[in-house]
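Q: Line by line, the protein sequences give chains A and B.
FYI, this note's numbering numbers position 14 of the first sequence as 14, with every residue one higher than the one before it.
Heads up, this note's numbering is the position in the second sequence plus 1000, with the first residue counted as 1.
Even for Gly, the Cβ is constructed at its ideal location relative to N, Cα and C.
Here the structure is a predicted model, which is why all the values come from computation and not from measurement.
Pasting in a structure now, in structure tokens, and then I'll have a few things to ask.
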Amino acid sequence: MTTTGPGATEQSATADREITISRVISAPPDLVFEAFTEVRHLSRWWGPEGFTTTTRAFEFRVGGEWDFVMHGPDGTDYQEWISWTEIAPPGRIALLHGESRGDPNAFESVLTFAPDGAATRIVMHTVFPTHELRDEAVEKYHAIEGGQQTLSNLAAYVPEIVRMRVED
Amino acid sequence: MARAATTSDVFNAIAEQQRREILVLLRSGEGPVTELARELGMTQPGASKHLRVLREVGLVRDRQAGRQRLYGLDARGLRPVHEWTGGFEQFWNESFGRLDAYVQELQQTRQEK
């Protein structure tokens, strides 16, 4: 993935413990921003296909928390906790993401929403406390998705990978 | 600080555009270096050099077929890449895919009002 724009210059200092994800969404920034602000919106799209969420508490303000359980399609539950550290509509949201309040392994993501014609470019920049925690998060989410779904992306590139996984 | 050798690190090996083009071409089957070079508009020595790197990191295998040496894809070598990019990024790419569909629906509902 190509990283450009704000943040690119400081990349070297945190390069081994960060992940940047970028995506164009076909709606204007204010609408995309809004989709982050209420449970009734978030519950419609949070997580990969087949995942649902059950919210225990939700308060969209700086310092507020979203305490919820994510349910995987295979029936596995994941405890999730999010706290907002910055809210600046319609361009920027920063949040701390962990499994519960005070999670020492929580990591911060900064989401920016920039107009791209009639659409919005979301850039999500996540910096983990350490390189090891980044790798751990990658592994954890890998496990959450459960192999199959994860494959679809690279399999489009290299169909042989699918065969190789089946043979394992 | 010394960077990991291209020949021992699959991430470095596929960072090179022409080597990725070779991998994509090899998806459709094995071939001799002359044919691969021609299809990709590379010189034969250039293609040979890339193939050697790809073979050393385990992404390409070769075999002798008569007088020809045929190169083919060994996708197992991509596993570290797959595992690294798989988890967190894939989770968010899929979530953002659903977000995309949802906000379009939201936009449509509002325009109808």
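Secondary structure at Trp46(A), three-state DSSP: helix, strand or coil?
A: For the purposes of this step, residue 46(A) is taken as the residue at position 46 of the first sequence. Of the three classes helix, strand and coil, the one that applies to Trp46(A) here is coil, per DSSP.
Q: Check the C-beta distance from Gly1072(B) over to Arg1079(B) and give it rounded, since I have them as a contact under 8 Å.
A: Taking the second sequence and counting its residues from 1, the one referred to as residue 1072(B) is at position 72. Taking the second sequence and counting its residues from 1, the one referred to as residue 1079(B) is at position 79. Wrong, their Cβ atoms sit about 17 Å apart, outside the cutoff.
Q: Would you be able to state if there are at least three C-beta pairs under 8 Å between the stretch 1042-1050 of chain B and the stretch 1086-1106 of chain B?
A: The stretch 1086-1106 of chain B, when compared against the stretch 1042-1050 of chain B, does not touch it at the 8 Å Cβ threshold.
Q: Residues in the same chain with beta-carbon distance under 7 Å from Ser100(A), minus the five sequence neighbours each way, listed in chain order, please.
A: Stepping through the first sequence from its first residue, residue 100(A) is reached at position 100. Cβ within range, chain order: Gln79, Trp81.
Q: Would you mind reading off the limits of the beta strand (DSSP E) that contains Phe1011(B)?
A: Sequence index remark: in the second sequence, residue 1011(B) carries index 11 (1-based). Careful: Phe1011(B) lies outside any beta strand (DSSP E), inside the alpha helix (DSSP H) at 1010-1013.
Q: Would you say Glu1016(B) faces chain A, with C-beta separation under 8 Å as the test?
A: Position 16 of the second sequence, counting from 1, holds the residue named residue 1016(B). Taking Cβ atoms only, chain A never reaches closer than 8 Å to Glu1016(B), which makes this a no.
Q: Is Arg44(A) close to chain B? Criterion is C-beta to C-beta, closer than 8 Å.
A: As a working mapping, residue 44(A) is identified with position 44 in the first sequence. Chain B, which has a Cβ nearer than 8 Å to the Cβ of Arg44(A), makes this yes.
Q: Between the C-alpha atoms of Thr55(A) and Trp45(A), what's the straight-line distance to the nearest angstrom?
A: On the first sequence, position 55 is the one that residue 55(A) refers to. On the first sequence, position 45 is the one that residue 45(A) refers to. Cα to Cα, the separation comes out at about 14 Å.
Q: Look at Val138(A) and Phe1096(B) and say whether their C-beta atoms are less than 8 Å apart.
A: Within the first sequence, the letter at position 138 stands for residue 138(A). Within the second sequence, the letter at position 96 stands for residue 1096(B). Not a contact, by the Cβ cut-off of 8 Å.
Q: Listing by chain order, which chain B residues have their CB less than 9 Å from the CB of Met124(A)?
A: Taking the first residue of the first sequence as 1, we reach residue 124(A) at position 124. Result: Trp1092, Phe1096.
Q: Could you check which residue in Phe68(A), Ser83(A), Asp77(A), Glu49(A) has the C-alpha nearest to that of Val62(A)?
A: Residue 62(A) sits at position 62 when you count from the first residue of the first sequence. It is Ser83(A) whose Cα lies nearest to the Cα of Val62(A).
Q: Taking Glu1039(B) as the query, report the chain A residues whose CB atoms sit under 8 Å from its CB, ordered along the chain.
A: Counting from one through the second sequence, the residue named residue 1039(B) turns up at place 39. Result: empty, since nearest Cβ-Cβ is about 18 Å, beyond 8 Å.
Q: My guess is that Ala119(A) and Ile25(A) are in contact by the Cβ rule of under 8 Å, so how many angstroms apart are they, rounded?
A: Mapped onto the first sequence, residue 119(A) falls at position 119. Mapped onto the first sequence, residue 25(A) falls at position 25. That belief holds up - the Cβ atoms of Ala119(A) and Ile25(A) are roughly 6 Å apart, short of 8 Å.
Q: Against chain B, does Pro104(A) count as a neighbour if the rule is that its beta carbon must be under 8 Å from one of theirs?
A: Position 104 of the first sequence, counting from 1, holds the residue named residue 104(A). Pro104(A) does not count as touching chain B.
Q: Please say whether His125(A) and Thr20(A) have beta carbons closer to each other than 8 Å?
A: Here residue 20(A) is taken as the residue at index 20 of the first sequence, counted from 1. Here residue 125(A) is taken as the residue at index 125 of the first sequence, counted from 1. Cβ distance < 8 Å, so Thr20(A) and His125(A) count as in contact.
Q: Let me know the beta strand (DSSP E) ranges lying completely inside the stretch 53-115 of chain A, each 3 residues or longer, listed in chain order.
A: Correct list: 65-71, 77-88, 92-98.
Q: Tell whether a beta-carbon distance below 8 Å holds between Val1057(B) and Ala1013(B).
A: Within the second sequence, the letter at position 57 stands for residue 1057(B). Within the second sequence, the letter at position 13 stands for residue 1013(B). The answer is yes: Cβ separation under 8 Å.
Q: Rounded C-beta distance between Val110(A) and Ala88(A)? I'm assuming under 8 Å.
A: On the first sequence, residue 110(A) is found 110 positions in, with the first residue counted as 1. On the first sequence, residue 88(A) is found 88 positions in, with the first residue counted as 1. 10 Å between Cβ atoms; not a contact.
Q: Whose C-alpha, out of Pro129(A), Pro73(A), Val69(A), Lys140(A), is nearest the C-alpha of Ala13(A)?
A: Against the first sequence, residue 13(A) aligns to sequence position 13. The residue with the shortest Cα to Cα distance from Ala13(A) is Pro129(A).
Q: Name, please, each residue of chain B whose Cβ falls closer than 7 Å to the Cβ of Pro48(A).
A: On the first sequence, residue 48(A) is found 48 positions in, with the first residue counted as 1. By Cβ distance, chain B contributes Phe1091, Glu1094, Ser1095.
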